[in-house]
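Shown next, in structure tokens, is the structure this report addresses.
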Amino acid sequence: MAPLGVAEAAETGKSIAFMIETNPGPGLGILLAFWLAGPRVLRGSVPGAIVIHFLGGIHEIYFPYVLLKPKMILAAIAGGATGVGTFMVTGAGLVATPSPGSIFAWLAVTPPGDFVSVLLGIALSAAVSLAVGWLLLKTGSQDDYADLAGAKAASKKMKRG
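For what it's worth, this note's numbering labels the leading residue of the sequence shown as 2, then goes sequentially.
Written as structure tokens, this is what we have:
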């Protein structure tokens, strides 16, 4: 997406393409859902994961949580779609790729006048993924969770190919 974003930003001064993959909102919502409605054994690890994800921009930190409950991908999709829709409706864009995808990187590359629409898109995507994730966690069986260590190992294995 970065090459498309660079081309669009050169013409218009900003691009929504920079926002598609790096939105920290859906991951934040998923982590909050696990913190509020997930298995008690996991709740202690979630605040640290939130800091690493939202403030540090390392999105991979929430992947093991999704692997524990694969239905949570629906929460990520719903949150991501909400964010993209909000950015489209409000005309939001960034001037460069926010790398890593932390809230600080996002704010650093937000053009003047777009802060409200950018923060709105992040907040709404987090809220939607939290709501969907909370429903999925509360309506599903608590017995089908794998262990966190196993999910982390599976995540590492998938990264290696």
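Beta carbons: idealized from backbone N, C-alpha and C, even for Gly. All values reported here derive from a predicted model rather than from experimental measurement.
Supposed contact pair residue j and residue i - C-beta distance, whole angstroms, cut 8 Å
i, j, result
"residue 63", "residue 6", "Contact doesn't hold; Cβ gap of about 24 Å is too wide."
"residue 1", "residue 89", "In the structure as shown, the chain starts at 2 and stops at 162, and residue 1 therefore has no counterpart that could be examined."
Residues bridged to residue i [DSSP beta-bridge criterion]
i, result
"residue 95", "16"
9 Å Cβ cutoff met for residue i and residue j
i, j, result
"residue 68", "residue 43", "no"
"residue 131", "residue 33", "yes"
"residue 61", "residue 158", "no"
"residue 164", "residue 110", "This structure cannot settle anything about residue 164, because the visible part of the chain is limited to 2 through 162."
"residue 108", "residue 26", "no"
"residue 65", "residue 128", "no"
"residue 99", "residue 59", "no"
"residue 123", "residue 56", "no"
"residue 36", "residue 51", "yes"
Residue nearest to residue i in terms of C-alpha spacing, selected from the options
i, options, result
"residue 78", "157, 161, 159, 21", "21"
"residue 137", "159, 47, 41, 73", "73"
"residue 11", "96, 128, 81", "96"
"residue 8", "55, 94, 31", "94"
"residue 13", "154, 155, 112", "112"
"residue 80", "38, 36, 52, 135", "135"
Distance cut-off 8 Å: residue i Cβ against heavy atoms of the ligand MG
i, result
"residue 23", "The ligand MG is absent from the structure shown, which contains no ligands of any kind."
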